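For the sequence shown, our numbering gives the first residue as 1, with consecutive numbering after it.
Accompanying notes for the structure given below.
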Amino acid sequence: MENLYKKNYEYYEDINPALVRCVSSGKKILDVGCGYGAIGESLKKKGNYVVGLEREKKAIEISKQRLDEAYEVDIEDFNRLPCNLKNRKFDIIIFADILEHLYDPFSVLSLYQSLLKPDGEIIISLPNVVIWDVRLKFLFGAFNYTDTGTCDRTHIRFFTLSSMRRLIKAARLKIIKEDFNPGIVRPFVPFIKRFMKGKANLESLQNPRAILDNPLYKQYIKYFLPLEKIICRIRKELFAFQFVFVAQK
């Protein structure tokens, strides 16, 4: 079944602007479930030292080129982390859109706190399952998994803003800041990917940065994203695609 779900699964990188804004410079960061290292690379460019953990072999090979350190591990098996990691402490531990892929996100969130400095921060990003387009689908009795977004077929857990807060507080963390990424345009990303697939050659399809490097995406980030964020503030639980939390022990 796992191979069936991975078949033809096309991965395209995206940057999490709200998360990146939460991180300053000069920090030692552990990125749990770093993927191909897109977010970690952005944080490294801000003057941080970034260590990534990832269980997918293809992703970790690329992350090793982009981050300061990267390790191929099963992030759910905390006891089997490399010894040189267990003895280190980090200023920031990041769970960027990874907890929804885990069977027991509470245990993972709790165990990794031992790697955090006393005054350190845990930054968590989670997709909002009650974003407007999912609500609209529910209204008409539809729930279809997709290759990306809130209904990503690799998601095991689904969260609302209130259940996100409950998870974090249950892990004995105190939320000190909340932010979000707007989701007015985001539900159309699958259509954009299909359009790109029709226009692109094989080499560009195999490039996970295909969206990040697209000129239209750069224009969106520069001009439309700020406007979209203002609109989303009217009703965050309806229009936000992701919520980002900064928490401390």
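Where a beta carbon is used, it is the ideal one built from N, C-alpha and C, also for glycine.
Since the model is a prediction, treat every value here as computed from it, not as a measurement.
Comparing alpha-carbon positions, which option in the options lies nearest residue i?
| i | options | result |
| --- | --- | --- |
| Gln-248 | Gln-242, Tyr-223, Ala-70 and Leu-109 | Leu-109 |
| Val-50 | Lys-58, Tyr-71, Lys-57 and Glu-56 | Tyr-71 |
| Asp-119 | Phe-90, Ser-42, Val-23 and Arg-80 | Phe-90 |
| Lys-45 | Gly-33, Arg-55 and Ile-29 | Ile-29 |
| Ile-75 | Val-185, Ile-93 and Ser-162 | Ile-93 |
| Leu-216 | Gly-40, Phe-138, Val-185 and Asp-77 | Val-185 |
| Ile-98 | Lys-236, Ile-39, Tyr-220 and Lys-222 | Ile-39 |
| Arg-66 | Tyr-36, Lys-57, Arg-55 and Arg-80 | Tyr-36 |
| Asp-68 | Glu-41, Glu-56, Pro-17 and Ala-18 | Glu-41 |
| Asp-152 | Leu-167, Val-244, Pro-127 and Ser-162 | Pro-127 |
| Asp-14 | Leu-139, Ser-162, Lys-236 and Tyr-220 | Tyr-220 |
| Arg-235 | Ile-131, Thr-146 and Phe-140 | Ile-131 |
| Phe-243 | Tyr-223, Ser-163 and Tyr-145 | Ser-163 |
| Arg-165 | Phe-245, Lys-222, Cys-34 and Phe-138 | Phe-245 |
Counting only the same chain and skipping the five closest in sequence on each side, list residues whose C-beta sits under 8 Å from that of residue i.
| i | result |
| --- | --- |
| Arg-21 | Asp-179 |
| Pro-182 | Leu-225, Glu-228, Lys-229, Ile-231, Cys-232, Phe-239, Ala-240 and Phe-241 |
| Leu-173 | Leu-109, Gln-113, Ile-122, Ala-247, Gln-248 and Lys-249 |
| Lys-57 | Glu-72 |
| Asn-16 | Ile-39, Ala-96, Asp-97, Ser-125, Asn-181, Gln-242 and Val-244 |
Starting from residue i, follow its DSSP beta bridges and name the residues at the other end.
| i | result |
| --- | --- |
| Leu-115 | In DSSP, Leu-115 forms no bridge with anything. |
| Gln-242 | Pro-127 and Asn-181 |
| Gly-52 | Asp-31 and Ala-70 |
| Ala-96 | Ser-125 |
| Gln-248 | Lys-174 |
Residues in its own chain within less than 6 Å of residue i by CB, not counting five upstream and five downstream?
| i | result |
| --- | --- |
| Asn-84 | none |
| Leu-23 | According to the sequence provided, residue 23 is Val. The question's Leu does not apply to it. These residues qualify, in order along the chain: Leu-43. |
| Lys-27 | Asn-48, Asp-91 and Ile-92 |
| Phe-158 | Val-129 |
| Phe-78 | Leu-111 |
| Pro-187 | Asp-133 |
| Gly-33 | Ile-75 and Ile-98 |
Which term fits residue i, buried or exposed, when burial requires 16 or more other beta carbons within 10 angstroms of its beta carbon?
| i | result |
| --- | --- |
| Leu-227 | exposed |
| Thr-150 | buried |
| Ala-170 | exposed |
| Phe-95 | buried |
| Ala-142 | exposed |
| Ile-176 | exposed |
| Glu-54 | buried |
| Ser-63 | buried |
| Ser-107 | exposed |
| Ser-125 | buried |
| Asn-144 | exposed |
| Asn-87 | exposed |
| Leu-116 | buried |
| Lys-6 | For Lys-6, the predicted structure reports a pLDDT of 44, less than 50, and the residue's modelled location is therefore unreliable. A value from the coordinates is still provided. Lys-6 should be labelled exposed. |
| Leu-250 | Within the shown structure, residues of the chain are numbered from 1 to 249, placing residue 250 beyond reach of any answer. |
Give every residue of the same chain whose Cβ lies closer than 7 Å to the Cβ of residue i, excluding the five residues on either side of it in the sequence, and list them in chain order.
| i | result |
| --- | --- |
| His-155 | Glu-100 and His-101 |
| Pro-105 | Leu-99, Arg-157 and Leu-167 |
| Ala-59 | Gly-35 and Tyr-36 |
| Tyr-223 | none |
Compare the C-beta of residue i against all C-beta atoms of chain C and say whether one is closer than 7 Å.
| i | result |
| --- | --- |
| Lys-45 | Absent from the structure: chain C. Only one protein chain is present. |
Quick check on the DSSP output: what are the complete alpha helix (DSSP H) runs of length 4 or more inside the segment 143 to 171, in order along the chain? 161 to 170
Taking only runs that begin and end inside the segment 58 to 90, name each unbroken beta strand (DSSP E) of 3 or more residues, in chain order. 69 to 72
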